[in-house]
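So the structure is just underneath, and the comments pick up after that.
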Ligand code: GLV
């Protein structure tokens, strides 16, 4: 009997069609939305494999509702939506989609750096509301990006891609990671302690996964270490920042501004954040290009096909299950 693969919601092609060549595919919901927990629990009972997105929380209760499940393939690089330890205890492989969204996310990091520094969104608003009355020497001044210091928190692929772009802006690069990164060192980046990075950077950009160590890594204390002229950029995961503390810091002028793509409790945002003119807010668009989303779906599907055809998926995040 063909294996049964449950996909939580429609995904771009090539995704489902690759899997359909080797298995039976069921879609939990057919609309462009995340299934409710009840819908997922009802649909997962006879699934051999689950292909899910970051909008679905896959915890022990969901895994218990899927007694036949052997693989959870996440269509995302981050996998904080999955209780990986619970999956491992049940012998379930978890895979992600690294690599293919690196450049798109680094581009968006840069969109936020430039939009924050040069007040791009505020400027657009000036035009649309008829407030632009002509060029003025003091009108809507931002800050230079060229030649400033960019501090990268997390040394991984997306940080490296953001750093490569920063070289063109002749930026001074600092980074924090558990170990030194040869790729970042090659770009001239200096490995420093987090507190030093926060004190010295003009732009602090977050590129860490979300885990127990990084939750609220940027809290009130961290924000207070930043320069009052500095900007915080987050294209990683919302809970890495204490969003209530950030709203206070934006209001009090503890920092100059923030460019955010991710939030602590998506799709909600902290009270007061929307009213901060010095925050540029995007709706989790890091990997949102047609090419990248299609590549993510392909990799997620290839992980499923690899498993079903007897190989080890190349993007296993819990290899200890083998
Ligand atoms: C997007 O946020 C991802 O983790 O793929």
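Numbering (the numbering used here), first residue to last: 146 to 467.
Glycine residues also receive a C-beta, built at the ideal position from the N, C-alpha and C atoms.
CB of residue i within 8 Å of CB of residue j, strictly
| i | j | result |
| --- | --- | --- |
| residue 351 | residue 379 | yes |
| residue 161 | residue 453 | no |
| residue 357 | residue 377 | no |
| residue 337 | residue 319 | yes |
| residue 460 | residue 274 | no |
| residue 405 | residue 367 | no |
| residue 466 | residue 237 | yes |
| residue 375 | residue 400 | yes |
| residue 385 | residue 365 | no |
| residue 231 | residue 205 | yes |
| residue 192 | residue 229 | no |
| residue 242 | residue 463 | no |
| residue 287 | residue 304 | no |
| residue 315 | residue 277 | no |
| residue 195 | residue 189 | yes |
Own chain, CB closer than 8 Å to residue i, minus 5 neighbours either side, in chain order
| i | result |
| --- | --- |
| residue 280 | none |
| residue 309 | 251, 332 |
| residue 307 | 251, 254, 255, 295, 297, 350, 352 |
| residue 179 | 153, 154, 198, 200, 201 |
| residue 398 | 373 |
| residue 177 | 154, 155 |
| residue 271 | 277, 285 |
Span separating the alpha-carbon of residue i from that of residue j
| i | j | result |
| --- | --- | --- |
| residue 447 | residue 269 | 42 Å |
| residue 282 | residue 222 | 45 Å |
| residue 313 | residue 430 | 24 Å |
| residue 260 | residue 428 | 15 Å |
| residue 339 | residue 456 | 40 Å |
| residue 289 | residue 248 | 23 Å |
| residue 389 | residue 146 | 52 Å |
| residue 225 | residue 235 | 18 Å |
| residue 458 | residue 409 | 31 Å |
| residue 185 | residue 435 | 27 Å |
| residue 264 | residue 341 | 27 Å |
| residue 214 | residue 245 | 26 Å |
| residue 284 | residue 425 | 19 Å |
| residue 266 | residue 412 | 20 Å |
| residue 324 | residue 187 | 44 Å |
Identified DSSP bridge partners for residue i
| i | result |
| --- | --- |
| residue 397 | The partner list for residue 397 (beta bridge, DSSP) is empty, contrary to what the question assumes. |
| residue 169 | 149 |
| residue 413 | 410 |
| residue 197 | 219 |
| residue 335 | 319 |
| residue 350 | 297, 378 |
| residue 402 | 376 |
| residue 424 | 403 |
| residue 238 | 216 |
Same chain, Cβ closer than 7 Å to residue i, five either side skipped, listed in chain order
| i | result |
| --- | --- |
| residue 421 | 392, 395, 396 |
| residue 157 | 438, 439, 442 |
| residue 300 | 320, 322, 326, 329 |
| residue 450 | 163, 164, 167 |
| residue 227 | 203, 217, 219, 239 |
| residue 407 | 379, 380, 381, 382, 383, 429 |
| residue 370 | 340, 343, 344 |
| residue 387 | 361, 363, 364, 365 |
Own chain partners of residue i with C-beta closer than 6 Å, once the 5 adjacent residues on each side are dropped
| i | result |
| --- | --- |
| residue 335 | 319 |
| residue 423 | 395, 402 |
| residue 159 | 443 |
Residue-chain proximity (residue i, chain B), Cβ-Cβ < 8 Å
| i | result |
| --- | --- |
| residue 347 | Given the protein chain composition of this structure (a single chain), no chain B is represented. |
Residues with C-beta closer than 6 Å to any heavy atom of the ligand ADP, in chain order | Ligands present in the displayed structure are limited to the ligand GLV, and the ligand ADP is not among them.
Meets three-Cβ-pair contact criterion under 8 Å: the region 329-348 and the region 289-306 | yes
If you pair each beta-carbon of the region 434-451 with each one of the region 203-214, do three or more pairs fall below 8 Å?
-> no
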